[in-house]
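Trainee:
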Ligand SMILES: Nc1ncnc2c1ncn2[C@@H]1O[C@H](COP(=O)(O)OP(=O)(O)OP(=O)(O)O)[C@@H](O)[C@H]1O
Ligand SMILES: [Mg+2]
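Chains as they are written, first to last, in the working numbering: chain V, 13 to 360; chain C, 3 to 264.
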């Protein structure tokens, strides 16, 4: 939950006109009020139900090896989802995080394997690539005042062209990369479940960004800018600065996704993760973050990424074709947005 | 009721003044060379028909808009407000006509938006953690001091409040932090009779504290009750500045509509 919207304490709620406004409505609108306040509740329920149902349908679903597989499949999208959440919270959308991630992973792979740069230098080059990609988006959005959709549609093509240029279309194999570069793919065992370092990285990023969003002034400003940009400006918030910081931070996070991607694929390929960007948006939307900005939590996105992972894995285990997994994800997205619209009506 | 303030203010420069402000929006002339001044401990009302340029005028005075031409002075010294924060930094607080509150954030977060209090010690300095508890406590205290009783719970998101309650939050925020000038653009538009009277009391209390108040209102009795001076805005220009003593309400309306010259 964002720190700004925790429930009222009993002492202050004693004689409270405002909460009477919420409570005197029908039970259904009371549910809506609660969902409005805690948008991560509905994806949480969906995930729980999905895990139970798939666990009953096929006991192998809950086997440690399978759970470990799901977390590893989720890591890359989970990290990209963090970047996408930040941007969607500001009422933007980023179509370029996937391409920026692949570009960053190509830079890392080619710097280390092609140019024989030390691992650390390669990873820093990857981070710089992510930062530059984010900064470019941020500058175009804040200086030229172009809509984020258009900006990132353009940079999607630019980053894709760049990554083909840098890689010459060739894949760098994990065997030609030092351990540090593929470290994110390594695992350790916790109560029978193999956890990859990429998953650890993902959890660390969630904790960090959740803290920044929920416990710092910057986080409040991100919500305020996404909620009502003009109101934020009039209250003295430097809207452009907040937006630029969000895009640059998203760029840095994208670089961590790239590192995780290299570990998971054991190499860097220009053809990797073509659907990563849309999957990241899917995770954010299923996680209850509003595409209109200003509402949602980072934990919702983690739930969203897990839901997509669990559905794909669970449906595959039940023996359904990939097409049904894709169908299920599509239905989930539309249902999530429909629920969001319905929740937002409680504002009126 | 205002004579003592007037005598005192004659010697000192006005706390906030504007000289021949011009602001255009494409072909629309919002302000056409408007001047205005307000002294500490004085209530200046700004009246005028819809579209007369009242909001544009106060936006230029508070950094929300940058005038094309003209000079703004604070305590007699020229200043340039490039953004709202610049005006806030020198103690000018504003209730905009649109209220400028963030719906998803709660009352306390809105009151402290852009001036968050951080936790004491390393948590606040190195980790930049905000002190939510402290801000809530202070916001509750401030609302209490301002006598705003419709808002008892500062943890309620703004979007769950009624229009009048939202307006009360915006007024409370400005009154609590405005140390030099408080600007109110139709602060009682959504308020009931009791709440409106409350805001008028609040304005008089600010005046007593030596704060300058600029009040935009369409409510003539209200204006004549609290104002020391009345700035009449008409078609982007200042038609006249009068006092409740020198002119009647009928006169003011006549000047406002152009039926009578000042
Ligand atoms: N951002 C803007 N873009 C274009 N025109 C504007 C803008 N802001 C104000 N105007 C124009 O400037 C003129 C003055 O508007 P302003 O909002 O200052 O009027 P007002 O006196 O506050 O009216 P009201 O009593 O309705 O609030 C109007 O003609 C309005 O259309
Ligand atoms: Mg106006």
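Idealized CB from N, CA, C, for every residue including glycine.
Computed from a predicted structure; not experimentally measured.
Do you know how far the Cα of residue 116 of chain C is from the Cα of residue 242 of chain V?
Mentor: 14 Å
Trainee: What are the boundary residues of the beta strand (DSSP E) that includes residue 241 of chain C?
Mentor: 239-244
Trainee: Within a Cβ cutoff of 7 Å, which residues of the same chain sit near residue 67 of chain C, ignoring the five residues on either side of it in sequence?
Mentor: 25, 58, 61
Trainee: Taking 7 Å as the limit, tell me which residues put their C-beta closer than that to any heavy atom of ligand 2, in chain order.
Mentor: C:56, C:57, C:99, C:187, C:188, C:218
Trainee: Is it buried or exposed for residue 259 of chain C, if we count other Cβ within 10 angstroms and need 16 for buried?
Mentor: exposed
Trainee: Suppose you measure from the CA of residue 254 of chain V to the CA of residue 235 of chain V; what does that come to, to the nearest Å?
Mentor: 10 Å
Trainee: Should residue 131 of chain C be flagged as near chain V, meaning a C-beta pair shorter than 9 Å?
Mentor: yes
Trainee: How would you list, in chain order, the residues of chain C whose beta-carbon sits under 8 Å from the beta-carbon of residue 97 of chain V?
Mentor: Within chain C, no residue comes near residue 97 of chain V; the closest Cβ sits about 15 Å away, beyond 8 Å.
Trainee: Note down, in chain order, every chain C residue with its Cβ under 9 Å from the Cβ of residue 103 of chain V.
Mentor: Per Cβ cutoff of 9 Å: no residues; residue 103 of chain V is ~12 Å from chain C at best.
Trainee: Leaving out the 5 sequence neighbours to the left and right, which residues in its chain are closer than 6 Å to residue 119 of chain V when beta-carbon positions are compared?
Mentor: 137, 138, 141
Trainee: With DSSP collapsed to three states, give me the class of residue 248 of chain V.
Mentor: coil
Trainee: Is the distance from the Cβ of residue 232 of chain C to the Cβ of residue 245 of chain C below 9 Å?
Mentor: yes
Trainee: Do residue 51 of chain V and residue 286 of chain V have their C-beta atoms within less than 9 Å of each other?
Mentor: no
Trainee: So what's residue 34 of chain V in DSSP terms, helix, strand or just coil?
Mentor: Unreliable placement is indicated for residue 34 of chain V, whose pLDDT of 46 sits below 50; the coordinate value is still reported in the next sentence. Here residue 34 of chain V sits in helix by DSSP.
Trainee: Within its chain, find whatever has a CB closer than 6 Å to the CB of residue 85 of chain V; leave out the 5 residues flanking it on each side and keep chain order.
Mentor: Counting only Cβ-Cβ distances below 6 Å, and skipping sequence neighbours, we find 321.
Trainee: Does ligand 1 have even one heavy atom less than 8 Å from the beta-carbon of residue 340 of chain V?
Mentor: no
Trainee: Could you name the residues of the region 212-223 of chain V whose beta carbon sits closer than 9 Å to any beta carbon of chain B, in the order they occur along the chain?
Mentor: The structure shown contains no chain B; its protein chains are V and C.
Trainee: Go ahead and pull the three-state DSSP assignment for residue 159 of chain C.
Mentor: strand
Trainee: Taking the continuous alpha helix (DSSP H) assigned at residue 167 of chain C, which residues delimit it?
Mentor: 165-179
Trainee: Going by beta-carbon coordinates alone, are residue 46 of chain C and residue 216 of chain C separated by less than 9 Å?
Mentor: yes
Trainee: For residue 224 of chain C, verify whether its CB is less than 8 Å away from any heavy atom of ligand 1.
Mentor: Short note on residue 224 of chain C: C-beta not closer than 8 Å to any heavy atom of ligand 1.
Trainee: Which residue from V:217, V:325, V:348, V:203 puts its Cα closest to that of residue 67 of chain V?
Mentor: V:325
Trainee: Quick one: any contact between the region 214-229 of chain V and the region 89-100 of chain V, if contact means 3 or more CB pairs under 8 Å?
Mentor: Enough Cβ pairs lie closer than 8 Å, so yes.
Trainee: Answer yes if the region 271-279 of chain V comes into contact with the region 136-143 of chain C, meaning at least three C-beta pairs across the two stretches below 8 Å, and no otherwise.
Mentor: Segments in contact, no.
Trainee: Take residue 365 of chain V and list the residues in its own chain whose beta-carbon comes closer than 7 Å to its own, dropping the five residues that flank it on each side.
Mentor: Residue numbering for chain V in the displayed model covers 13 to 360; residue 365 of chain V lies beyond these limits and cannot be assessed.
Trainee: Would you mind giving the Cβ-Cβ distance between residue 64 of chain C and residue 213 of chain C, rounded to the nearest angstrom? I have them listed as a contact below 8 Å.
Mentor: Rounded, the Cβ-Cβ distance is 14 Å, inconsistent with contact.
Trainee: Go ahead and pull the three-state DSSP assignment for residue 287 of chain V.
Mentor: Three-state result, residue 287 of chain V: coil.
Trainee: Taking Cβ to Cβ, would you say residue 74 of chain C is nearer than 9 Å to residue 21 of chain C?
Mentor: yes
Trainee: Going by C-alpha distance, which of V:305, V:226, V:294, V:126 is nearest residue 339 of chain V?
Mentor: Considering only alpha carbons, the answer is V:294.
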